[in-house]
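Engineer:
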Amino acid sequence: MPFPLRLLAASLALVGLTLAGCKKESCLGNEASCQVSSPCEALSYACEAASGAALELRMLTPEDKRVGSHAPSGGSETVPGGLNAIASRGDILLGNDRAVAVIAGIGNAHLLDPNGGSLLDLGVRGANNDGLNQMLSVVGVLPADAAHYTSMRLIDERPRRVAVQLDGTLDGRPEFPIHTLYEMRPCEPGVRVRTEVLNTSVDPQLWALADGFYWSGREALPFTSAPGTGYSHPSFSLLTIGDVYSRVPYLIAALPSEPGVSYAQVSCGPKDTVEGFQSDQISLSGLPRTVVPPRDYLVFERFLAVGDRGDAASAVDLALELRQALRGEKYVTLRGTVNRRAPPREHQEHELSVFISEGELAADKSTRTPWSQVTPDSAGRFEARVPAGRRYVVEVHAFGRKVADRQLDVVNEDVDLGAFAEPSHTRLTVNVSEMDTFAPLTAEVFLVPVDATTLQDTQGSLHGAFTTCAPWLGPPPGPSPACNRFLVVNGFAQVEVPQGRFHVYAFKGPFWTLARETVTFGDTDTTLDFSLKKLPLQPSGTVSADLHVHGAASFDSSLPDQDRVLSFAATDLDVIVASDHDVVYDYSQVVQSLGLQEHMSTVTGLETTGHILWLKRHGYDIPLVVGHYNFWPLEYDPTKPRNGAPDDERVEPGELFDRVKASAPAPLREQLIVQLNHPWANQEFGRDLGFPRALALDTRQNLPTTDDGTNAGIYVRSPKGGFANNGQHTQEVMNGSDNSLLPAYRAFWFYVLGQGQLVTGTANSDSHSLTDNTVGVPRNIVYADTAAGPGFDTARFNAALKVGGSFGTNGPIIEATLDTASGPRRYGLTPMVPSAEARLHLKVSAAPWVPVDEVRVIVNGRLVRTLSGGELARPADAFGDAGLVRYEGSLALSELVTVPGDAWLVVEAGTRLQPTADFGGVGSPEPDGIPDTGDNNGDGVVDRNDIAPGSSSGPLHSAALPTSEANPLFHFAQVINGGYPMAFTNPFILDRNGNGRFDAPGVSAP
21 MPFPLRLLAA SLALVGLTLA GCKKESCLGN EASCQVSSPC EALSYACEAA
71 SGAALELRML TPEDKRVGSH APSGGSETVP GGLNAIASRG DILLGNDRAV
121 AVIAGIGNAH LLDPNGGSLL DLGVRGANND GLNQMLSVVG VLPADAAHYT
171 SMRLIDERPR RVAVQLDGTL DGRPEFPIHT LYEMRPCEPG VRVRTEVLNT
221 SVDPQLWALA DGFYWSGREA LPFTSAPGTG YSHPSFSLLT IGDVYSRVPY
271 LIAALPSEPG VSYAQVSCGP KDTVEGFQSD QISLSGLPRT VVPPRDYLVF
321 ERFLAVGDRG DAASAVDLAL ELRQALRGEK YVTLRGTVNR RAPPREHQEH
371 ELSVFISEGE LAADKSTRTP WSQVTPDSAG RFEARVPAGR RYVVEVHAFG
421 RKVADRQLDV VNEDVDLGAF AEPSHTRLTV NVSEMDTFAP LTAEVFLVPV
471 DATTLQDTQG SLHGAFTTCA PWLGPPPGPS PACNRFLVVN GFAQVEVPQG
521 RFHVYAFKGP FWTLARETVT FGDTDTTLDF SLKKLPLQPS GTVSADLHVH
571 GAASFDSSLP DQDRVLSFAA TDLDVIVASD HDVVYDYSQV VQSLGLQEHM
621 STVTGLETTG HILWLKRHGY DIPLVVGHYN FWPLEYDPTK PRNGAPDDER
671 VEPGELFDRV KASAPAPLRE QLIVQLNHPW ANQEFGRDLG FPRALALDTR
721 QNLPTTDDGT NAGIYVRSPK GGFANNGQHT QEVMNGSDNS LLPAYRAFWF
771 YVLGQGQLVT GTANSDSHSL TDNTVGVPRN IVYADTAAGP GFDTARFNAA
821 LKVGGSFGTN GPIIEATLDT ASGPRRYGLT PMVPSAEARL HLKVSAAPWV
871 PVDEVRVIVN GRLVRTLSGG ELARPADAFG DAGLVRYEGS LALSELVTVP
921 GDAWLVVEAG TRLQPTADFG GVGSPEPDGI PDTGDNNGDG VVDRNDIAPG
971 SSSGPLHSAA LPTSEANPLF HFAQVINGGY PMAFTNPFIL DRNGNGRFDA
1021 PGVSAP
């Protein structure tokens, strides 16, 4: 350390000695047997003595079951549930008569928590509405800034209080002890928390002692009271976080799903505000950033309250109640009514919202300070608390748009706002049936504005949160109705729809007809009837499967299980592999409860998701994670941490594969499939989603056979002698309904095939809601020799996938065989010897509304033949059921494979691929062989004018959606989010010299 810095450190140390003294209260002296002082002593709630009898404190055991967990074992449900409930054995349950909290037990690592001690669950007593992913104590945003607790003690002082104390240090930094106490008292609406962190080093530290809240983007939304905020917050990166720090009176978060819940974090220490940053992904809220001298400390006391609804007001009301008790601040209640046209159907109240902000109606919205947002009840009634002595603007929103407002003068007493009128709209009833049998169908309905006027008049959002939809029927991540679509269940649905002229599409998946009505909705009720027909497209002996789906069990989904499974049925999926983030999950009980088990099968699985930055690649100093992988089949046990999934943090992929395999029951281990997900997806919040991109592989170079000290060596090595880091069985080629990143995923798959790493290419929706991706689009068609339903054979299904017995598609069907001495053979990962005059036999089909412009043949990564124009048939009626076959014929293999040696061959079908270019590698201006830039300015040429400002390459974006019905892609684009038709086979592996093996061509192949 330079001399001036040492002098400064010494001076601060002396100050620290003066502040620290000799003997400390609480755990500020870090004595081994210390007890953290009770938090928020200035706070008191008056309640009946009997409330103390409801206090709970216990460590959960294998006999404890979460409500709604569908635990396979018997016994009663003793632990509250909710969309995010994850309590398991070894965790600590704290409860009173109003709320229940669960703290992760020591060793129960989860998400960003390295060793337990974070707050996992918090819900209203009896409501089973936990919506919290995680709250953990931190002093910053880096991995070493999180608490790593190593011991805990339970404090049972009933009937006054129950508490749990966690002791440890900052992660990997023993010189910084940290202690946290969670405490509950009778009749309080949440949990008291006190955290103490000490600097026992010789150097000053810049800390921001705070709570880190992991929201994830599709769940609870932070709401703050600062000019121009509410649910809207400035964007930032890891490098610009300091620019968005702000101070607010308290932090609010609301989860607008079913069941709804909201949270309030209120400081009860000397500071009357909290400071931090907010986003829909993560929040940091606590003390200001502070330089802490040696031997000094920070203390943060707060109350975390839980509300019983999914609007901000449910928590704001509690926050103001707490502020009044702690600081004497007065609040008032605003109440009123929105006269509804008719009572809403169950779970459809969200189309109405009341937003309350401080300021002037005549002023720009960005100058006003939001204070509350409340969802009226089924009768239209609402009430919300706000600070007294201020002027307010009250806005009524319907279908995501402001429809009425009112200016209030300075409010010092409760106010009855009277009645507001809900705007005229339609109650739409939709019936969907099978065309020939008239049997009711479960399907999905999309509303699309016909003209620019309707588009402009119906665009809406949840006060700027999530995404904008036209029309906005409900929060996009939540249950049906969501954004511009809704589920039709057993042939029937009824929703409220704003006025305007819309195309109404009825959709049952890519292998059914598509139906449409164009309707002008006014102020009268409307009924629409649709009939759909299943088309003879899917080859016999196959099942359709989505190997990557998410529901509420994932930390980034708030879609209830029932809607999740109904969406599977709505797109006519046969097999669904559960792949929720960091937890094993199983949808089979929900499938059975809905009576779908006769023609739908589910497989228990997991998606591991790196959170804690740790991995170093050569030539790069910033730590990374290993990306995302799917695993199945596994065993679901909700009494275990992560439902039975092993800890997936800070291990290389090969070791992770070993761990997951060891966690499975012995009969399932040999079936295990490891899938590399979205291998070249962009980083999110500094974390790579795909291992190959994290390593910045250069696909212009061949892979080494062993670890040669390069990043490619890391990719192929076996860290623990078991699985290699590139030991996956399958890899996503298509991920999501939007095809923007398809060129990159496809290029990487082609690369590994050329390296002789024969992995099955897959196509999956990666759906997290009804709106981000259309579930089951894309999907895999697997020649599994087993049928969905009670007799489904998971082992056969997995075996077929492992040998490449499948093709991926979001609409087109490719049937392909190649002549061999033993007869025609389908593609697959087993090498085959073509016959002397071998021909490639092709049949390409699709529903009439799915355009097919090209059939492509790729050999060793090079396009060798394109069928297009007059070689392909085109159906006359997009809404009909004729004209399915687009091409049927054969091609001479000798005209396709003109290079010497072994080769691989893939067939694709769909619309023309978007033009792309490779202008730079990951973090490098040098190309890496992976497409990174599309025709972003739409001039038909991909050049450096398409690169985003400040970047050396990228991004990849699909072409803008068509706006004219004259475009054959128009109807497809309305029901498949951002996609264009695409299908691909797995490779034909051609052993052309007949030596019984595949001699991979490598990257040097012409």
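Position in the sequence shown counted from 1, then plus 20, gives you our numbering. Glycine included, C-beta positions come from ideal geometry on N, C-alpha and C.
1. Is it right to say D384 is buried, meaning 16 or more other beta carbons lie within 10 angstroms of its own, or is it exposed?
2. By the DSSP assignment, the alpha helix (DSSP H) with H90 in it spans what residues?
3. Can you give the Cα-Cα distance for P975 and I967, rounded to whole angstroms?
4. Are the stretch 920–927 and the stretch 959–966 touching by the rule of at least three beta carbon pairs closer than 8 Å?
5. Among K822, V610, R360, which has the Cα closest to the Cα of T446?
6. If P653 and V623 are in contact, beta carbons under 8 Å, what's the gap, nearest whole angstrom?
7. Check A1020 in the structure and name its three-state DSSP category.
8. Which partner residues does D176 have in the DSSP bridge list?
9. Across the stretch 578–597 and the stretch 267–285, are there enough close Cβ pairs to call them in contact, namely three or more that are closer than 8 Å?
10. Can you give me the Cβ contacts of Q1088 inside the same chain, cut-off strictly under 8 Å, excluding the 5 residues immediately before and after it?
11. Relative to the C-alpha of M79, which candidate in P242, G289, V184 has its C-alpha closest?
12. My understanding is that N997 touches N793, with C-beta atoms under 8 Å, so please give their C-beta distance in whole angstroms.
13. Kindly list the residues whose CB is nearer than 7 Å to the CB of S500, restricted to its own chain and excluding five residues on each side of it in sequence; keep chain order.
14. Since P871 contacts F992 with CB under 8 Å, what's their CB separation in whole angstroms?
15. Mind checking which residues open and close the alpha helix (DSSP H) that includes I734?
16. In three-state terms, what does DSSP make of D708?
17. Tell me, please, whether the stretch 518–531 touches the stretch 746–756 by the rule of three or more beta-carbon pairs shorter than 8 Å.
18. Taking the CB atoms as reference points, tell me whether S551 and F466 lie closer together than 9 Å.
19. Using 8 Å as the cut-off, classify the Cβ of H638 as near or not near the heavy atoms of the ligand MN, replying yes or no.
20. So, under 8 Å CB-CB, L838 and L913 are touching, yes? Tell me the CB distance rounded to an integer number of Å.
21. Whose CA, out of P947, F323, P496, V864, lies closest to the CA of P269?
22. Would you decide whether H638 is buried or exposed? Buried here means 16 or more other CB atoms lie within 10 Å of its CB.
23. Return the first residue and the last residue of the beta strand (DSSP E) that I439 is part of.
24. Ignore the nearest five residues each way along the sequence and tell me which others in G160's own chain have a CB closer than 7 Å to its CB.
25. Which word fits G831, buried or exposed, when buried means at least 16 other C-beta atoms lie within 10 angstroms of its C-beta?
26. Determine the burial state of Q994: buried for a count of at least 16 other Cβ atoms within 10 Å of its Cβ, exposed for fewer.
27. Tell me the residue span of the alpha helix (DSSP H) that contains L342.
28. If I'm right that R86 touches A74 with Cβ under 8 Å, what's the distance once you round it to whole angstroms?
29. Taking 9 Å as the threshold (C-beta atoms), are V509 and L493 in contact?
30. Going by DSSP, what residue range makes up the alpha helix (DSSP H) through A682?
31. Would you list the one or two residues that DSSP bridges to R505?
32. Per DSSP, what kind of secondary structure is A902 in: helix, strand or coil?
33. Can you tell me the Cβ-Cβ gap for G232 and V326, rounded? I've got them flagged as a contact below 8 Å.
34. Kindly indicate which residue of A898, T840, I950 has the alpha-carbon position closest to the one of W769.
35. Leaving out five residues before and five after G41 in sequence, what residues of the same chain have Cβ atoms less than 6 Å from its Cβ?
36. For the stretch 901–952, which segments carrying the alpha helix (DSSP H) assignment without a break, of at least 4 residues, lie completely within its bounds, in sequence order?
Structural biologist: In this structure, then:
1. exposed
2. No alpha helix (DSSP H) contains H90, which DSSP labels as neither H nor E.
3. 7 Å
4. Counting Cβ pairs under 8 Å, fewer than three are found: no touch.
5. R360
6. 5 Å
7. coil
8. V182
9. yes
10. Within the shown structure, residues of the chain are numbered from 21 to 1026, placing residue 1088 beyond reach of any answer.
11. V184
12. 6 Å
13. F506, L507, D583, L790
14. About 7 Å separates the two Cβ atoms, so the contact holds.
15. Segment 731–736, the alpha helix (DSSP H) holding I734.
16. Of the three classes helix, strand and coil, the one that applies to D708 here is coil, per DSSP.
17. no
18. no
19. With respect to small molecules bound, the structure shown includes none, and the ligand MN cannot be examined in it.
20. 7 Å
21. F323
22. exposed
23. One detail in the question is off: residue 439 reads as Ala in this sequence, not Ile. Note, A439: beta strand (DSSP E), 435–441.
24. W227, A228
25. buried
26. buried
27. 332–347
28. Contact doesn't hold; Cβ gap of about 19 Å is too wide.
29. Result no, Cβ atoms of L493 and V509 do not sit closer than 9 Å.
30. 673–683
31. F466, A502
32. coil
33. The beta carbons of G232 and V326 sit about 18 Å from each other, so the pair does not count as a contact at 8 Å.
34. I950
35. At G41 the pLDDT is 39, less than 50, meaning the model places this residue with poor confidence; the figure from the coordinates comes in the next sentence. Taken in chain order, the list of residues that qualify is empty.
36. 913–916
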